[in-house]
Amino acid sequence: MIFACSNKTVHAGRGMVFDRIQNRILLLFVGLVSAIVLVSGGLLDWAVRRSLEAELGRKLIALAQAVSASLEPEEIAVIRETTGPRAERRLGEKIRRFKNGTDAARIFLFDPDKRILLDTHSDDAAPPSAVGLLFFESELQSVRNGDPAHSILFRGEDGRPAMTGFSPLFADGEVIGGVAVEGSAAFLAAADAIRNRLVWIAALSVFAAVVLGLLLARTITRPVGRLLAASERIGRGDYTEPIPRLGRDEIGNLTRTMEAMRLSILERENELKAMVAGVAHEIRNPLGGMELFAGLLQDRVKEESSAAGPVDHIVREIGHLKEIVNRFLDFARPRLPVPESCNVREAVDSCLRLLLPAHPARPVTLNCRIGPADAVRCDPNHLREILMNLLKNALEAMPGGGTLVITSRPAGPFIRIRIGDSGRGIPDPVRPQIFTPFFTTRPEGTGLGLSIAKSLAEANGGRLLLAASGPDGTVFEMDLPPSGEANPAPQRNGGRREGR
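Written out as structure tokens, the structure reads:
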């Protein structure tokens, strides 16, 4: 049944990140800044590293050339022919002293056959073999041609970045070998330090982009939010609060346009209410006389007279016209509420005693679940008029009879009164307009019942809304402030009764 439906409102996509303008602006701003920082930082890191690699290569070549130039002819003879261990030892000590006086990690001499003749690592437990020279074929070819060269950056045996510079050894104008100087990781410490700084700069830039993006987004979303709240008030029919001015930009122009619209609507509404009130007064005055004379005529006509039926019909129609006029006056000049403690059960029973006898041909099953002590604080006349409108609409929505469910319960700071029927429901295209003044789907209706009921509920600090509607029926919910004191109703037997 429709009455068991939840009263929760589902907002599609509320949890989606891109549903909010603030999130879209923030993501766009942060994404743009992050892209700029990453691209520029990557290019800067690449340029710095390339520059340092080139500088390291030139330095290693210079060291290799310095070693080559420092060798005496008898030392170079060690490479061309074996001259004894003493000469080799003296040459090895010289190369090691040269290594210790520089930042070089390794220096070794090799011959054209890629044999390592002397190596500063020769004292290690596992000295490097000549196999490593196989990876420097292009550099060795430059050495054979008499030109210095350096390798690309590679990972050394310790896992650190390294580079090797090569310089040819000459004897009598002939290349008889070469000197290789391997650079230590200290050469690239500056590049790693710059990279670390770039990472920190990127992180700080993204953080600053988030902060600035939030500030930028809020400069847009905050006035938009205030405009949204103002438009919602206007949508509810509340034109009393002016729309605040929000600067001189496009949003400010929009606020001024909306304020002009609000004033125009308020002026037209006041003119309409004045016209309605004037017409209603002009009609009510002769209508009162007609009602008086029709009542006198009804008293004089005997029941058995053939004129009794038409006279009774005239009296009923005058009463109907009087009700319509009163509705117009209530819309045009609503009475200010005089709130007091009102028992909900008593107010509902009072309305049902008037409405149920007017629908004798419609079997209505009444399911009333209202606490005997449920009381609200509002104007009793306003509460009665709201309930009369809602209950009358519910009964008219069930022309063939049905079930009428009335409940009340605490709901946060309010007492919630729910009135549901098992009628045909309200069509989807009509639902947004049901509280609009003068909107009706019935030829005999005025279109003011729900509009007045909603205005009266809000005037008493509450609200009225359509909770659910479908093929199984319609449910209206009204929230009103609870009474400060309980106003118990007389105890009654049972919570269901039949209305005929």
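For the sequence shown, the positions run 275 to 774 when my numbering is used.
Even glycine gets a Cβ: it sits at the ideal position worked out from N, Cα and C.
Could you spell out the range, first to last residue, of the beta strand (DSSP E) harbouring residue i?
i: phenylalanine 303; result: No beta strand (DSSP E) holds phenylalanine 303; the alpha helix (DSSP H) holding it covers 295 to 344.
i: leucine 739; result: 737 to 744
i: threonine 609; result: For clarity, residue 609 is arginine in the given sequence; the question names threonine instead. From DSSP, arginine 609 is part of no beta strand (DSSP E); its letter is neither H nor E.
i: isoleucine 680; result: 676 to 685
i: threonine 639; result: 638 to 643
Give me the Cβ distance between residue i and residue j, rounded to the nearest whole Å; I'm assuming they're in contact under 8 angstroms.
i: alanine 731; j: isoleucine 680; result: With 8 angstroms as the limit, alanine 731 and isoleucine 680 do not qualify as a contact, their Cβ atoms being about 16 angstroms apart.
i: alanine 685; j: arginine 658; result: Wrong, their Cβ atoms sit about 21 angstroms apart, outside the cutoff.
i: serine 696; j: glycine 747; result: 4 angstroms
i: isoleucine 517; j: proline 497; result: Their Cβ separation, rounded to whole angstroms, is 11 angstroms, which puts isoleucine 517 and proline 497 out of contact at 8 angstroms.
i: valine 480; j: valine 313; result: At roughly 13 angstroms, the Cβ-Cβ gap does not stay under 8 angstroms, so valine 480 and valine 313 are not in contact.
i: alanine 649; j: proline 756; result: 7 angstroms
i: alanine 568; j: valine 589; result: 5 angstroms
i: alanine 727; j: proline 611; result: 13 angstroms between Cβ atoms; not a contact.
i: leucine 300; j: leucine 488; result: 6 angstroms
i: cysteine 775; j: cysteine 652; result: Because the chain here runs from 275 to 774, residue 775 falls outside it and cannot be looked at.
i: phenylalanine 713; j: glycine 721; result: 5 angstroms
i: asparagine 641; j: leucine 678; result: 7 angstroms
i: alanine 454; j: phenylalanine 382; result: 5 angstroms
i: serine 344; j: phenylalanine 372; result: 7 angstroms
i: glutamine 250; j: arginine 492; result: Nothing can be reported for residue 250: it is not among the residues displayed for the chain, which extend from 275 to 774.
Can you tell me where the alpha helix (DSSP H) holding residue i begins and where it ends?
i: isoleucine 691; result: From DSSP, isoleucine 691 is part of no alpha helix (DSSP H) but of the beta strand (DSSP E) over 688 to 695.
i: glutamate 751; result: It is not in any alpha helix (DSSP H) - glutamate 751 instead sits in the beta strand (DSSP E) that spans 747 to 754.
i: isoleucine 726; result: 723 to 733
i: leucine 414; result: 411 to 418
Using DSSP bridges, identify the partner residues of residue i.
i: serine 615; result: Arg651
i: glutamate 456; result: Arg380, Thr438
i: aspartate 393; result: Phe382
i: arginine 429; result: Pro435
i: valine 449; result: Phe444
i: alanine 482; result: Paired residue(s): none; alanine 482 is not in a bridge.
i: histidine 424; result: Gly439
Count the other CB atoms within 10 Å of the CB of residue i; is the residue buried (16 or more) or exposed (fewer)?
i: isoleucine 310; result: exposed
i: leucine 334; result: buried
i: arginine 619; result: buried
i: leucine 408; result: exposed
i: arginine 332; result: exposed
i: threonine 394; result: buried
i: proline 800; result: Since the first residue of the chain shown is 275 and the last is 774, residue 800 is not available in this structure.
i: glutamate 456; result: buried
i: proline 422; result: buried
i: glutamate 413; result: buried
i: valine 704; result: exposed
i: leucine 540; result: exposed
i: arginine 692; result: buried
i: serine 682; result: buried
i: serine 729; result: buried
i: isoleucine 392; result: It is leucine, not isoleucine, that sits at residue 392 in the sequence shown. Leucine 392 should be labelled buried.
i: valine 749; result: buried
i: serine 441; result: buried
i: phenylalanine 709; result: buried
i: isoleucine 426; result: exposed
i: threonine 438; result: buried
i: asparagine 663; result: buried
i: glycine 509; result: exposed
i: serine 538; result: exposed
i: glutamate 327; result: buried
i: asparagine 667; result: buried
i: alanine 741; result: buried
i: leucine 570; result: exposed
i: arginine 519; result: exposed
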